[in-house]
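Written below as structure tokens is the structure these notes are about.
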């Protein structure tokens, strides 16, 4: 079929089969103009471009461009046709520029890196110190706030004195429920007193001896203010039974914030560790 360039009116002979059913984008080899040519349409019109490859139109048969056209319009050189890659090969990927480029490729300089490392080091040191204080300061923490004993029980740190290897832990199988530990301030014979009451619970199915109990008073800074020993109301407790206890000490601290803890201790501790009384 005959195709005429809408820009320079140069005519070409084109195989209609190359245009396909929807036509394709073509370029004039004389003036370089591009347009979309439909099949069966000898006089082409401008249309939106498609992304399909452009066929190179052959040299025109008729008419020849006039001298005035040659002098006024300089034809664009034909675009080189891409070489077909051998079968079975994949062309190498083309690397384009980055979508976003940072002015500073190295975001953190050496000083910032050192600061970040120092920050993480301080964080872990503080974490270790808190964990150590939680573990080694159990007595003082529970003394200030007995409800913390529930947390120690949860992680397996009972309110019992540690025993030597091969020895029985004082109060093993027994518990001192923190929610049953009652503290009150009373006047006894005209003197201000702190009274502590609670219960011992046997969590086993056997009779258990009740060891000596130790009371500790501590302030908000976990400093021990007083320490003394006492016995429950019974020396032995039945399976799954309960035994009450009560103890008191002179109130020498008034409105100062204090906490009181009660734990089981061995006879050896009660004899060798002196009491601290106000």
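Residue numbers (UniProt numbering): 1 to 278. Backbone N, C-alpha and C fix where the C-beta goes; we use that ideal spot for every residue, glycine too.
Can you tell me where the alpha helix (DSSP H) holding residue 271 begins and where it ends?
To locate residue 271, count along the chain shown from 1; it is residue 271. 267-272 is the extent of the alpha helix (DSSP H) around residue 271.
Helix, strand or coil for residue 186 per DSSP?
One-based indexing of the chain shown puts residue 186 at position 186. In the structure shown, residue 186 sits in a strand (DSSP, three-state: E or B).
Check each candidate in 254, 186, 260 and 18 and name the one with the smallest Cα separation from residue 178.
The residue given as residue 178 occupies position 178 in the chain shown. Nearest of 254, 186, 260 and 18 to residue 178, Cα basis: 260.
On the CB-based measure, 16 or more other CB atoms within 10 Å of its CB, does residue 13 come out buried or exposed?
In the chain shown, residue 13 corresponds to position 13, counting from 1. So residue 13 counts as exposed.
Are the CB atoms of residue 24 and residue 34 within a distance shorter than 8 angstroms?
The residue you call residue 34 lines up with position 34 of the chain shown. The residue you call residue 24 lines up with position 24 of the chain shown. Going by C-beta atoms, residue 34 is not nearer than 8 angstroms to residue 24.
If contact is defined by three or more beta carbon pairs under 8 angstroms, each pair taking one atom from either stretch, is the stretch 180-200 in contact with the stretch 243-263?
With the cut-off at 8 angstroms, the stretch 243-263 and the stretch 180-200 touch.
Using a threshold of 8 angstroms, state whether the C-beta atoms of residue 193 and residue 275 are closer than that.
Within the chain shown, numbered from 1, the residue matching residue 193 stands at position 193. Within the chain shown, numbered from 1, the residue matching residue 275 stands at position 275. No.
Could you check which residue in 6, 236, 217 and 32 has the C-alpha nearest to that of residue 206?
In the chain shown, the residue the question calls residue 206 occupies position 206. Looking at the Cα atoms, 236 is the closest of the given residues.
Cα-Cα separation between residue 18 and residue 9, rounded to whole angstroms
As a position in the chain shown, residue 18 is number 18, starting the count at 1. As a position in the chain shown, residue 9 is number 9, starting the count at 1. A straight line joining the alpha-carbon of residue 18 with that of residue 9 spans about 21 angstroms.
Look up residue 236 in the DSSP assignment and say whether it is helix, strand or coil.
By one-based count along the chain shown, residue 236 stands at place 236. For residue 236, the three-state secondary structure derived from DSSP is strand.
Below 7 angstroms, is the gap between the Cβ of residue 254 and the nearest heavy atom of the ligand NAD?
Looking at this structure, you won't find the ligand NAD or any other ligand, since it has none at all.
When you compare each of 185, 1 and 11 to residue 39 by their alpha carbons, which one comes out closest?
Indexing the chain shown from 1 puts residue 39 at position 39. Proximity to residue 39 across 185, 1 and 11 peaks at 1, based on C-alpha coordinates.
Going by alpha carbons, who is nearest to residue 262 out of 170, 126 and 131?
Along the chain shown, read from residue 1 onward, the residue named residue 262 stands at position 262. Among 170, 126 and 131, the Cα nearest to that of residue 262 is on 170.
Tell me which residues share the same chain as residue 232 and place their Cβ nearer than 8 angstroms to its Cβ, disregarding the 5 neighbours each side in the sequence.
As a working mapping, residue 232 is identified with position 232 in the chain shown. Contacts found: 200, 210, 213, 243, 244 and 245.
For residue 2, which beta-bridge partners are listed by DSSP?
Here residue 2 refers to the residue found at position 2 of the chain shown. Per the DSSP secondary-structure output, residue 2 pairs in a beta bridge with 13.
Quick one, which of 4, 239, 216 and 215 has its alpha-carbon nearest residue 173's?
Taking the chain shown and counting its residues from 1, the one referred to as residue 173 is at position 173. Out of 4, 239, 216 and 215, the CA that lies nearest to the CA of residue 173 is found in 239.
Which of helix, strand or coil does DSSP assign to residue 178?
Locating residue 178 in the chain shown gives position 178, where the first residue counts as 1. Three-state DSSP puts residue 178 in a helix.
Secondary structure at residue 204, three-state DSSP: helix, strand or coil?
For the purposes of this step, residue 204 is taken as the residue at position 204 of the chain shown. In the three-state scheme derived from DSSP, where H, G and I count as helix and E and B as strand, residue 204 is classed as coil.
When the Cα atoms are used, what is the spatial distance from residue 251 to residue 111?
To locate residue 251, count along the chain shown from 1; it is residue 251. To locate residue 111, count along the chain shown from 1; it is residue 111. Roughly 56 angstroms separates the two Cα atoms.
Bridge partners - residue 35, DSSP secondary structure assignment:
Your numbering for residue 35 matches position 35 in the chain shown. According to DSSP, residue 35 bridges with 26.
Run the CB neighbour count on residue 16, radius 10 Å, all protein chains shown included, and call it buried at 16 or more, exposed below.
Counting from 1 along the chain shown, the entry for residue 16 is found at position 16. Flag for residue 16 reads exposed.
CB contact flag (residue 176, residue 226, <8 angstroms)
As a first step, residue 176 is located in the chain shown; it is residue number 176 there, counting from the start. As a first step, residue 226 is located in the chain shown; it is residue number 226 there, counting from the start. No; because the gap between Cβ atoms is not below 8 angstroms, this pair is not in contact.
DSSP three-state label for residue 253, please.
Your numbering for residue 253 matches position 253 in the chain shown. Residue state, collapsed to three classes: coil.
Coarse secondary structure for residue 172, derived from DSSP in three states
Taking the first residue of the chain shown as position 1, residue 172 is located at position 172. Here residue 172 sits in coil by DSSP.
Give a yes or no on whether the C-beta atoms belonging to residue 219 and residue 256 are separated by under 8 angstroms.
Position 219 of the chain shown holds residue 219. Position 256 of the chain shown holds residue 256. Yes, these two residues count as a Cβ contact at 8 angstroms.
If you draw a straight line from the alpha carbon of residue 190 to that of residue 234, how long is it in whole angstroms?
Sequence index remark: in the chain shown, residue 190 carries index 190 (1-based). Sequence index remark: in the chain shown, residue 234 carries index 234 (1-based). Cα to Cα, the separation comes out at about 29 angstroms.
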